[in-house]
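Asker:
Number of protein chains: 2
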Amino acid sequence: MDFLSGLELMIDSYQGKEQSFGVNLNLAIVRLSCEEGCVKVIEMARRLGVTADTVRFYTRIKILKPGKNKTNGYREYSESDYNRLRFALSARQLGFSVEDIQEILNHADKKKSPCPTVRRLIEHRLNETEQRFAETQQLRERMQQAAIEWSQKPDKVPTGDMICHLIEEFAQ
Amino acid sequence: MDFLSGLELMIDSYQGKEQSFGVNLNLAIVRLSCEEGCVKVIEMARRLGVTADTVRFYTRIKILKPGKNKTNGYREYSESDYNRLRFALSARQLGFSVEDIQEILNHADKKKSPCPTVRRLIEHRLNETEQRFAETQQLRERMQQAAIEWSQKPDKVPTGDMICHLIEEFAQ
DNA sequence: TTACACCTGTGTCCAAGACACAGGTCAAGA
DNA sequence: TCTTGACCTGTGTCTTGGACACAGGTGTAA
Chain Y
4 MDFLSGLELM
14 IDSYQGKEQS
24 FGVNLNLAIV
34 RLSCEEGCVK
44 VIEMARRLGV
54 TADTVRFYTR
64 IKILKPGKNK
74 TNGYREYSES
84 DYNRLRFALS
94 ARQLGFSVED
104 IQEILNHADK
114 KKSPCPTVRR
124 LIEHRLNETE
134 QRFAETQQLR
144 ERMQQAAIEW
154 SQKPDKVPTG
164 DMICHLIEEF
174 AQ
Chain D
4 MDFLSGLELM
14 IDSYQGKEQS
24 FGVNLNLAIV
34 RLSCEEGCVK
44 VIEMARRLGV
54 TADTVRFYTR
64 IKILKPGKNK
74 TNGYREYSES
84 DYNRLRFALS
94 ARQLGFSVED
104 IQEILNHADK
114 KKSPCPTVRR
124 LIEHRLNETE
134 QRFAETQQLR
144 ERMQQAAIEW
154 SQKPDKVPTG
164 DMICHLIEEF
174 AQ
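Here's what the structure looks like:
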């Protein structure tokens, strides 16, 4: 039984008499709780290897819901925020969009398995990625081929209907 | 000697006496000249196999400089516009950015060879494309691998620190 | 006249951050 | 105490190449 749990038990045992203590004990719990697991922006970013702007971005779109320091107004990111951002970054690495991530987190927030949604979304995003991969591959080949052909061609000045013969004479 | 050239010669030979004709002959030249080679947005788009919005986009960024019909205010795209857009579309197909294209056209407009610029730019864009290709390839492989692994895994409900085990347990 | 296709200039949207701005807070050093 | 620089906030803007939206004008067949 750690200190916080013991403190909570003390609070509970004084339930009917909490007015004797005012709100000071509750504040103590909040303060201790944040010192145990709450961090500011840069620390959060450091722990997950991203920029502070990325942390702020996910806060802005409400994937992260930090508390607020009453003294200076700074945000305080909890362990839960840490887990959520770690999850979001993993999902981004796997090609899920930010909106996908919000949908998955909604399921999890309701204590429902997000797995069926995740399976559906990965199929969809994988198809998109396959297409983008094919397009980029074709473009890469075109550009490589053009560079090779152009190395054998002279520079020319534009004519009335030809702006750049390199580009306009490229066969594809 | 075609009809328009003959008409221009007639105009020139009446140079000192054009007031006898008013502006009617000049309008006739403009009108005929546009009928010979000027088209409206949709026709321009149709001839190049793009959308009218694409034509309007390139007009907006001043790659195309259409005339204007005095009667109804509609744009009239010349043969030169046609050549420029055809060029721009070819360059886009080769991975040049719109800004690249504007730079190349500036050279051509000054009657200078754009070829050195084109060679420099294709190198740059090819490097970018190679990188994008590599990234997309890696993403594609990750996603494919994830889909395979997940097909052998059960659905699970989130826990306190795990939102979706599929995503979070994916090894990479 | 009506209806519909076409036209214009201008503004906004798209994605996932990165950057900008004006102003507040913190803490070490002089 | 003051200064300075790092850090913080909320909010706005930017990035790219089109696609879309909007309010209003034009053309033409029925």
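Keeping their order, the protein sequence lines are chains Y and D.
So the first sequence is residues 4 to 175, counted in the numbering used here.
So the second sequence is residues 4 to 175, counted in the numbering used here.
Every residue gets a Cβ at the ideal spot worked out from N, C-alpha and C, and that includes glycine.
List the residues of chain D that Y:Thr139 touches, going by C-beta distances under 8 Å, in chain order.
Answerer: By Cβ distance, chain D contributes Thr132, Arg135, Phe136 and Thr139.
Asker: Which residues, taken in chain order from the stretch 62 to 80 of chain D, show a beta carbon closer than 7 Å to some beta carbon of chain Y?
Answerer: Under the 7 Å Cβ criterion, the stretch 62 to 80 of chain D contributes no residue.
Asker: How many Å lie between Y:Asp15 and Y:Asn72 at the Cα?
Answerer: Summary for Y:Asp15: the model assigns pLDDT 41, below 50, so the residue's position carries little reliability; its value from the coordinates is reported in the next sentence. Rounded to whole angstroms, Y:Asp15 to Y:Asn72 spans 25 Å at the Cα level.
Asker: Do the stretch 153 to 162 of chain D and the stretch 163 to 173 of chain Y touch if we need at least three Cβ pairs shorter than 8 Å?
Answerer: Short answer: they don't touch.
Asker: Hey, how far is the Cα of Y:Glu138 from the Cα of D:Ile45?
Answerer: In a straight line, the C-alpha of Y:Glu138 is about 27 Å away from that of D:Ile45.
Asker: Please determine, among Y:Thr132, Y:Arg63, Y:Gln96 and Y:Lys43, the residue with the shortest C-alpha to C-alpha distance to Y:Glu79.
Answerer: Closest by alpha carbon: Y:Lys43.
Asker: For D:Lys147 and chain Y, any beta-carbon pair shorter than 8 Å?
Answerer: Lys is not the amino acid found at residue 147 of chain D; the sequence shown has Gln there. For D:Gln147, the answer is yes, since a Cβ of chain Y falls inside 8 Å of its Cβ.
Asker: Taking D:Tyr77 as the reference, which of D:Ser93, D:Arg59, D:Leu129 and D:Val53 has the closest Cα?
Answerer: Of the listed residues, the one whose Cα sits closest to D:Tyr77 is D:Arg59.
Asker: Relative to the C-alpha of D:Thr62, which residue among D:Ala111, D:Ala91 and D:Gln134 is closest?
Answerer: With distances taken between Cα atoms, D:Thr62 lies closest to D:Ala91.
Asker: How would you write the range of the alpha helix (DSSP H) that Y:Leu88 sits in, first residue to last?
Answerer: Its alpha helix (DSSP H) spans residues Glu82 to Gln96.
Asker: Measure the alpha-carbon distance for D:Thr54 versus D:Met47 and round it to whole angstroms.
Answerer: For D:Thr54 and D:Met47, the distance between alpha carbons rounds to 9 Å.
Asker: Between the stretch 111 to 125 of chain D and chain Y, which residues of the former have CB atoms less than 8 Å from a CB of the latter, in chain order?
Answerer: Within the stretch 111 to 125 of chain D, the qualifying residues are Ala111, Lys114, Lys115, Ser116, Pro117, Cys118, Pro119, Val121, Arg122 and Ile125.
Asker: Would you tell me roughly how many angstroms separate the C-alpha atoms of D:Gly70 and Y:Asp164, rounded to the nearest one?
Answerer: Those two C-alpha atoms are separated by around 18 Å.
Asker: Across which residues does DSSP place D:Arg78 in a beta bridge pair?
Answerer: DSSP lists D:Lys71 as partners of D:Arg78.
Asker: Contact criterion: CB-CB distance below 8 Å. Does Y:Ser93 meet it with respect to chain D?
Answerer: By this cut-off, Y:Ser93 is an interface position.
Asker: Taking the alpha carbon of D:Leu124 as the reference point, which residue from D:Lys113, D:Lys114, D:Leu142 and D:Gln105 has its own alpha carbon closest?
Answerer: Here the closest residue by C-alpha is D:Gln105.
Asker: State yes or no: is the C-beta of D:Gly203 within less than 8 Å of the C-beta of D:Ser81?
Answerer: The requested residue 203 of chain D does not occur in the structure, where chain D is confined to residues 4 to 175.
Asker: Pull the bridge partners of Y:Asn42 from the DSSP assignment, please.
Answerer: One detail in the question is off: residue 42 of chain Y reads as Val in this sequence, not Asn. Paired residues: Y:Tyr80.
Asker: Could you spell out the range, first to last residue, of the alpha helix (DSSP H) harbouring Y:Pro119?
Answerer: Y:Pro119 -> alpha helix (DSSP H) spans Cys118 to Trp153.
Asker: Let me check understanding here. Comparing Cα to Cα, which of D:Lys115, D:Ile166 and D:Met146 lies closest to Y:Cys167?
Answerer: Closest option to Y:Cys167, Cα to Cα, is D:Lys115.
Asker: The alpha helix (DSSP H) with Y:Ala111 in it runs from where to where?
Answerer: Note, Y:Ala111: alpha helix (DSSP H), Val101 to Asp112.
Asker: Does Y:Ile166 come out as helix, strand or coil in the three-state DSSP assignment?
Answerer: Of the three classes helix, strand and coil, the one that applies to Y:Ile166 here is coil, per DSSP.
Asker: For chain D, is any of its Cβ atoms less than 8 Å away from the one on Y:Leu169?
Answerer: Taking Cβ atoms only, chain D reaches closer than 8 Å to Y:Leu169, which makes this a yes.
Asker: Consider the Cβ of Y:Gly98: report whether some Cβ of chain D lies at a distance smaller than 8 Å.
Answerer: It does; some Cβ of chain D falls within 8 Å.
Asker: Whose Cβ in chain Y lies nearer than 8 Å to the Cβ of D:Val160?
Answerer: By Cβ distance, chain Y contributes Lys114, Lys115 and Ser116.
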